[in-house]
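Asks:
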Amino acid sequence: MKSILTKISITVLAVFSIFMLQPPERFTHYSRPVIIHRLQLFDALSLCVKRVGPAWACQWFTPDGDCHIAVPTDSPFGSVEQYIRHERAHCAGWSNWHEGGS
Ligand SMILES: [Zn+2]
84 MKSILTKISI TVLAVFSIFM LQPPERFTHY SRPVIIHRLQ LFDALSLCVK
134 RVGPAWACQW FTPDGDCHIA VPTDSPFGSV EQYIRHERAH CAGWSNWHEG
184 GS
């Protein structure tokens, strides 16, 4: 049982660590406006589940081409600035494979 819990814990940590990956320099500049939704952790999760799937933070485009990002203000997994940098990079074309992330 302990080993199963350990595996689950490692998996959970691995999933959350993806969101703290920081983008390569070429994706840190995005010239269009970004609409940032700063939300409490579970409100961000609730919104992101509807928009893209289970995630604490997410990014999406509206039909008019605006890029929206939702980030948690009280996440234990990283700062708001780290989440914004990560999600803004998705606005700039960084794929969900997080190529070149560190
Ligand atoms: Zn991402």
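Numbering (my numbering), first residue to last: 84 to 185.
All residues carry an ideal CB built from backbone N, CA and C; glycine is no exception.
Quick one: give me the first and last residue of the beta strand (DSSP E) that Q142 is part of.
Replies: Position 59 of the sequence shown holds residue 142. That run of the beta strand (DSSP E) goes 141 to 144.
Asks: Looking only at C-alpha atoms, which of L122, P116, S114, H181 sits nearest to V163?
Replies: One-based indexing of the sequence shown puts residue 163 at position 80. Nearest C-alpha to V163: L122.
Asks: Consider the C-beta atom of H169 and the heavy atoms of ligand 1; say whether any pair is separated by less than 7 Å.
Replies: By one-based count along the sequence shown, residue 169 stands at place 86. For ligand 1, at least one heavy atom lies less than 7 Å from the Cβ of H169.
Asks: Nearer than 7 Å: is that true of the beta carbon of H173 relative to any heavy atom of ligand 1?
Replies: The sequence position of residue 173 within the sequence shown is 90, counting from 1. Yes, the beta carbon of H173 sits closer than 7 Å to at least one heavy atom of ligand 1.
Asks: For a test of the three-state rule: what should DSSP assign to V135, helix, strand or coil?
Replies: Here the question's residue 135 lines up with position 52 in the sequence shown. DSSP places V135 in coil when its eight states are reduced to three.
Asks: Rounded to whole angstroms, what is the Cα-Cα separation between H120 and A127?
Replies: Within the sequence shown, the letter at position 37 stands for residue 120. Within the sequence shown, the letter at position 44 stands for residue 127. Their backbone Cα atoms lie some 8 Å apart in a straight line.
Asks: Tell me whether L104 sits in a helix, a strand or coil according to DSSP, three-state version.
Replies: Sequence index remark: in the sequence shown, residue 104 carries index 21 (1-based). L104 falls in the coil class under three-state DSSP.
Asks: Does the beta-carbon distance from R109 to C150 come in below 8 Å?
Replies: Locating residue 109 in the sequence shown gives position 26, counting from the first residue. Locating residue 150 in the sequence shown gives position 67, counting from the first residue. No, the Cβ-Cβ distance between R109 and C150 is not below 8 Å.
Asks: Just the Cα atoms here: how many angstroms apart are Y113 and H173?
Replies: Counting from one through the sequence shown, the residue named residue 113 turns up at place 30. Counting from one through the sequence shown, the residue named residue 173 turns up at place 90. One C-alpha to the other measures close to 9 Å.
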